[in-house]
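Quick note on numbering: the sequence shown equals residues 0 to 389 in numbering that gives the first Met the number 0.
Idealized CB from N, CA, C, for every residue including glycine.
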Amino acid sequence: MKRRLKILIIGGGMYVTGKGTDNFGTILPALFASSKYVDIEKILLCTTNVQSSKFANQCFKKINQFHKSNFRFEAFPKIKKNINEYKYIALKHKPDAAIVCVPDHLHYKITSYLIKLKIHCLVVKPLSDKTIHAKKLLELTEKNKVLGRVEFHKRYDEANLIIKNKIKNNELGSLLYAVVEYSQRKIIPTKIFKKWSSKSNVFQYLGVHYVDLIYFLTNFKPLKVFAWGQKEFLKNKNINTWDSIQVIIEWKKPNGKIFVTNHITNWIDSNSSSAMSDQKFSIIGTKGKVVSDQKNRGLQIINDNKNVQDINPYFSSLNKFSKDQEFFFGYGIKSVTEFIKDINSIINYKQNYKNFIIERSSFKESIISTAIIEAVNISLITKKSQIVKF
């Protein structure tokens, strides 16, 4: 008899429930979408305080009004603040899988605890800011025979998959360099993530997406980095982290030649900007180039109540064909549903977890982006280039 899955979410912020925004986030909607393909018994959501757990309950009820679920939902804590609530919940309920959506500096502590309980884990990026921690997490997954994956959703974006095929088919020729520009509104470090933004930085939290994407597209190996950063706006707000960071990464191609990427990131865009994230990148080769504007997806909304909005309908959207046909879709949703499907295959169809590591954003592949983050953080302090050690 097939087992109904129990899923634990750790974290209840913007990416999980849409807290601080006018939408439902990504993780909770993705689990509703997953329930169309996989039989889910229960979703447990664990945060650190009652206010957040109550908000999560409200979010679930709102979604459930139009996207009727056949699973139970329970949010914790229920009585008082408890930063270790996740330990009690994991031990008591024995979930099959966990989705870890907490601040960067807590990833290793929480994920390692869960893996030791033989719980399959999906972790929001980055896996860690320390290579030694990323390697230890990989070792733990192998020891406990569980799946470990990082939620690098840009790997599922159809535009990026087209680019990957162009590169694979040598349509761009020999790749020479790439330029990435990625930024977010001031509200991210000053309000939504104010409690922990000083413990991270914009390259580590945001820019890492394109570090992983470059690796995914090319499979080149990083050699060294040089990073620069500026502290003005956020420092004046008593938030001790970088406003903007610029990074140059040297990668080694299979033929031994060098490929260079330039990453320009900030999280001090105007709160009146037309999208939460402004992002574009280009890749130049000897036969041609690719230019991808990942903010302007061809849909712009203008009305009296809000500023101009550039909408990305392909990331995480709610489709309403009729009263009885409403569902979430997008590459952000798919990155979670694919993980849940894989867990179901492991548990109910007795497949080996190793079958779901190849060509996915596994812990093993994510050591590369973690090693680059660590080298960048050292370069920001030393003002010198750093070898990427992985």
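Practice item. Return the CA-CA distance between residue 159 and residue 40, expressed in angstroms with no decimal places. Key: Here residue 159 is taken as the residue at index 160 of the sequence shown, counted from 1. Here residue 40 is taken as the residue at index 41 of the sequence shown, counted from 1. Rounded to whole angstroms, the separation of the alpha carbons of residue 40 and residue 159 is 34 Å.
Point to revise | Beta-bridge partners of residue 296, as assigned by DSSP | key: As a first step, residue 296 must be located in the sequence shown, where it is residue number 297. According to the DSSP secondary-structure assignment, residue 296 is paired through a beta bridge with no residue.
Exercise for review: For residue 132, collect the residues of the same chain with a Cβ closer than 7 Å to its Cβ; drop the 5 residues on either side in sequence, then sort them by chain order.
Suggested key: Translated into the one-based positions of the sequence shown, residue 132 becomes position 133. Around residue 132: 107.
Check your understanding: Rounded C-beta distance between residue 171 and residue 288? I'm assuming under 8 Å.
Key -> Within the sequence shown, numbered from 1, the residue matching residue 171 stands at position 172. Within the sequence shown, numbered from 1, the residue matching residue 288 stands at position 289. That pair is a contact at about 7 Å.
Point to revise | Where the beta strand (DSSP E) through residue 122 begins and ends | key: Mapped onto the sequence shown, residue 122 falls at position 123. 119–122 is the span of the beta strand (DSSP E), which, as asked, contains residue 122.
Exercise for review: Just list the beta strand (DSSP E) runs in the region 86–119, keeping only unbroken ones of 3 residues or longer that don't cross its boundaries, in chain order.
Suggested key: 96–99
Exercise for review: For residue 294, I'd like the list of residues in its chain whose CB is within less than 8 Å of its CB, leaving aside the five on either flank, ordered along the chain.
Suggested key: Along the sequence shown, read from residue 1 onward, the residue named residue 294 stands at position 295. Taken in chain order, the residues that qualify are 273, 274, 276, 277, 278, 279, 309, 311.
Practice item. Report all residues from its chain with a CB closer than 8 Å to the CB of residue 415; omit the five preceding and five following residues, and keep chain order. Key: Any question about residue 415 goes unanswered here, given that the chain covers just 0 to 389.
Point to revise | C-alpha gap between residue 33 and residue 382, whole angstroms | key: Here residue 33 refers to the residue found at position 34 when the sequence shown is read from its first residue. Here residue 382 refers to the residue found at position 383 when the sequence shown is read from its first residue. The straight-line gap from Cα to Cα measures roughly 46 Å.
Point to revise | According to DSSP, residues forming a beta bridge with residue 151 | key: To locate residue 151, count along the sequence shown from 1; it is residue 152. Answer is none; residue 151 lacks a bridge partner.
Exercise for review: May I ask which residues mark the beginning and end of the beta strand (DSSP E) holding residue 176?
Suggested key: As a working note, residue 176 is residue 177 in the sequence shown. From DSSP, the beta strand (DSSP E) with residue 176 extends over 174–184.
Practice item. Let me know if residue 335 comes out buried or exposed under the rule of 16 or more other beta-carbons within 10 Å of its beta-carbon. Key: Within the sequence shown, numbered from 1, the residue matching residue 335 stands at position 336. Residue 335 should be labelled buried.
Review point. If you check the beta carbons only, do residue 318 and residue 328 fall under 8 Å apart?
Key: For the purposes of this step, residue 318 is identified with residue 319 of the sequence shown, where counting begins at 1. For the purposes of this step, residue 328 is identified with residue 329 of the sequence shown, where counting begins at 1. Cβ atoms of residue 318 and residue 328: closer than 8 Å.
Check your understanding: Name the DSSP beta bridge partners of residue 73, please?
Key -> Residue 73 sits at position 74 when you count from the first residue of the sequence shown. According to DSSP, residue 73 bridges with 43.
Practice item. Could you check what DSSP says for residue 355 in three-state terms: helix, strand or coil? Key: Working through the sequence shown from its first residue, we reach residue 355 at position 356. If DSSP states are grouped into helix, strand and coil, residue 355 belongs with the helices.
Review point. Smallest Cα separation from residue 236: which of 251, 256, 267?
Key: Locating residue 236 in the sequence shown gives position 237, where the first residue counts as 1. Here the closest residue by C-alpha is 267.
Practice item. Please determine, among 146, 209, 21, the residue with the shortest C-alpha to C-alpha distance to residue 58. Key: One-based indexing of the sequence shown puts residue 58 at position 59. Of the candidates 146, 209, 21, the one whose C-alpha sits nearest the C-alpha of residue 58 is 21.
Exercise for review: Could you tell me if residue 228 is buried or exposed, where buried requires 16 or more neighbouring beta carbons within 10 angstroms of its beta carbon?
Suggested key: Taking the sequence shown and counting its residues from 1, the one referred to as residue 228 is at position 229. Buried, by the Cβ-count rule.
Check your understanding: When we look at the beta-carbon of residue 285 and count the other beta-carbons within 10 Å, is it buried (16 or more) or exposed?
Key -> The residue you call residue 285 lines up with position 286 of the sequence shown. Label assigned to residue 285: exposed.
Point to revise | Assigned exposure category for residue 76 - 16 Cβ within 10 Å defines buried | key: Here residue 76 corresponds to residue number 77 of the sequence shown, with the count starting at 1. That one is buried.
Practice item. Mind checking who residue 221 pairs with in its DSSP beta bridge? Key: Walking along the sequence shown from the start, residue 221 turns up at place 222. Its beta-bridge partners are 250.
Exercise for review: Kindly say whether residue 223, judged by its beta-carbon, lies nearer than 8 Å to any beta-carbon of chain D.
Suggested key: Among the chains of the structure shown, chain D does not appear; only one protein chain is present.
Point to revise | Selection from 243, 301, 147 that minimises the alpha carbon distance to residue 351 | key: Stepping through the sequence shown from its first residue, residue 351 is reached at position 352. When only C-alpha atoms are compared, the closest one is 147.
Check your understanding: Going straight from the alpha carbon of residue 187 to that of residue 101, what length do you get?
Key -> If you number the sequence shown from 1, residue 187 lands on position 188. If you number the sequence shown from 1, residue 101 lands on position 102. Spanning the two alpha carbons is a distance of roughly 15 Å.
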